[in-house]
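Colleague:
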Amino acid sequence: MTRKVYVYRSFERFWHWLQAILIIFLAFTGFEIHGGYSFFGFEEAVAYHNIAAYLFITLIVFAIFWHFTTGEWKQYLPTYKNLTAQMRYYLWGIFNDAPHPTKKTVLRKLNPMQKLTYFGLKVLVIPIMVSSGILYILYRYPQRHEIRYLNIDSLEIIAIIHTIAAFFLVSFVIVHLYLITTGETLTSNLKAMFTGYEELEDDDYGNKNLEEKK
Ligand code: HEM
Numbered sequence: 007m008t009r010k011v012y013v014y015r016s017f018e019r020f021w022h023w024l025q026a027i028l029i030i031f032l033a034f035t036g037f038e039i040h041g042g043y044s045f046f047g048f049e050e051a052v053a054y055h056n057i058a059a060y061l062f063i064t065l066i067v068f069a070i071f072w073h074f075t076t077g078e079w080k081q082y083l084p085t086y087k088n089l090t091a092q093m094r095y096y097l098w099g100i101f102n103d104a105p106h107p108t109k110k111t112v113l114r115k116l117n118p119m120q121k122l123t124y125f126g127l128k129v130l131v132i133p134i135m136v137s138s139g140i141l142y143i144l145y146r147y148p149q150r151h152e153i154r155y156l157n158i159d160s161l162e163i164i165a166i167i168h169t170i171a172a173f174f175l176v177s178f179v180i181v182h183l184y185l186i187t188t189g190e191t192l193t194s195n196l197k198a199m200f201t202g203y204e205e206l207e208d209d210d211y212g213n214k215n216l217e218e219k220k
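Residue 24 in the numbering used here sits at position 18 of the sequence shown; the count goes up by one each step and never skips.
1) Can you tell me whether DSSP reads Glu217 as helix, strand or coil?
2) What do you reckon, is the C-beta of Phe62 under 7 Å from a heavy atom of the ligand HEM?
3) Leaving aside the five residues before and after Met199 along the sequence, list all residues of the same chain whose C-beta is less than 7 Å from its C-beta, in chain order.
4) When the Cα atoms are used, what is the spatial distance from Ala104 to His182?
5) First and last residue of the beta strand (DSSP E) that includes Thr85?
6) Kindly say whether Phe17, judged by its beta-carbon, lies nearer than 8 Å to any beta-carbon of chain C.
7) Over the uninterrupted alpha helix (DSSP H) stretch that includes Tyr203, give me the two end residues.
8) Can we say the region 63–76 touches the region 107–126, given the rule of at least three CB pairs closer than 8 Å?
9) Are the CB atoms of Gly36 and His55 nearer to each other than 8 Å?
10) Pro118 and Leu89: beta carbons closer than 8 Å?
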């Protein structure tokens with residue numbers, strides 16, 4: 007039996023969508039700065055990239071606060087349990103109508119591969135992106151006004167690190183877009199991130215108990 011369960015709370019959905027918009031916009035302006043194409047023009051692309059970056063940092067501060075005050079950070083702790091089963095599912099099972107190897111519940115809404123990927127994003131890719139971006143800002147703009155906050159000879163290493171992390175993040179977004187379609191139905195994951203609700207199977211310690219407590 008399935009029931010409609012409230013999985014994603016309002017701040018979580020707001021954070022998810024604003025983060026998605028900001029990352030796509032940062033990638034679009036960032037790769038223009040990198041020199042791939044011309045849309046806004048270099049100067050404007052830099053200005054917009056900086057505004058979006060400050061919004062992104064503000065959002066991250068609120069998200070960190072939310073994750074710790076709600077205890078939701080625990081959902082992201084990686085686990086080996088069912089990790090290979092999940093990998094096998096994505097590589098093989100999914101194309102052969104195999105059932106999802108992990109059941110989603112409110113208390114365990116991420117599968118082992120999601121846990122690992124999101125954990126890596128939170129502790130590695132996004133911190134590298136933000137810190138290299140901040141170093142970029144500290145180096146370039148003060149220097150234009152003859153103030154040297156960051157005394158290094160060249161921006162090259164920072165630019166390379168920032169760009170590699172950007173490629174990681176863009177690859178993640180592409181894979182993520184595909185994985186959105188691999189829920190119980192083609193659109194169930196997407197709908198859940200808009201409404202907060204998802205049809206989930208009854209579960210002895212998760213969905214059933216939480217629903218009955220409401
Ligand atoms: C808080 C986060 C971020 C900050 C503070 C930041 C800051 C910056 C700054 C200051 C620049 C250099 C602009 C200039 O040349 O004057 C830059 C370049 C760039 N940014 Fe970001 N950025 C952030 C996030 C992102 C994200 C999320 C992406 C992509 C997913 C991205 C992609 C790029 C790319 C590709 C460049 C061009 C690098 C180059 O070739 O020099 N940035 N960023």
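We treat Cβ as the ideally placed atom computed from N, Cα and C, and that holds for glycine.
Modeller: With the structure as the only source:
1) One-based indexing of the sequence shown puts residue 217 at position 211. For Glu217, the predicted model reports a pLDDT of 48, less than 50, meaning its position is unreliable; a value from the coordinates is still stated below. In the three-state reduction of the DSSP assignment, Glu217 falls in the helix class, which pools H, G and I.
2) As a first step, residue 62 must be located in the sequence shown, where it is residue number 56. The answer is yes for Phe62.
3) Position 193 of the sequence shown, counted from the first residue, corresponds to residue 199. Cβ within range, chain order: Tyr14, Arg19 and His22.
4) Walking along the sequence shown from the start, residue 104 turns up at place 98. Walking along the sequence shown from the start, residue 182 turns up at place 176. When rounded, the distance between both Cα atoms is 20 Å.
5) The residue you call residue 85 lines up with position 79 of the sequence shown. Element bounds for Thr85: n/a, residue is neither H nor E.
6) The chain labelled as chain C is not found in the depicted structure, where only one protein chain is given.
7) Counted from its first residue, the sequence shown places residue 203 at position 197. Premise fails: Tyr203 lies in the beta strand (DSSP E), Tyr203 to Glu207, not in any alpha helix (DSSP H).
8) The region 63–76 is not in contact with the region 107–126.
9) Within the sequence shown, the letter at position 30 stands for residue 36. Within the sequence shown, the letter at position 49 stands for residue 55. One thing to note: Gly36 has its Cβ within 8 Å of the Cβ of His55.
10) Looking up residue 118 in the sequence shown gives position 112. Looking up residue 89 in the sequence shown gives position 83. The Cβ atoms of Pro118 and Leu89 sit closer than 8 Å to each other.
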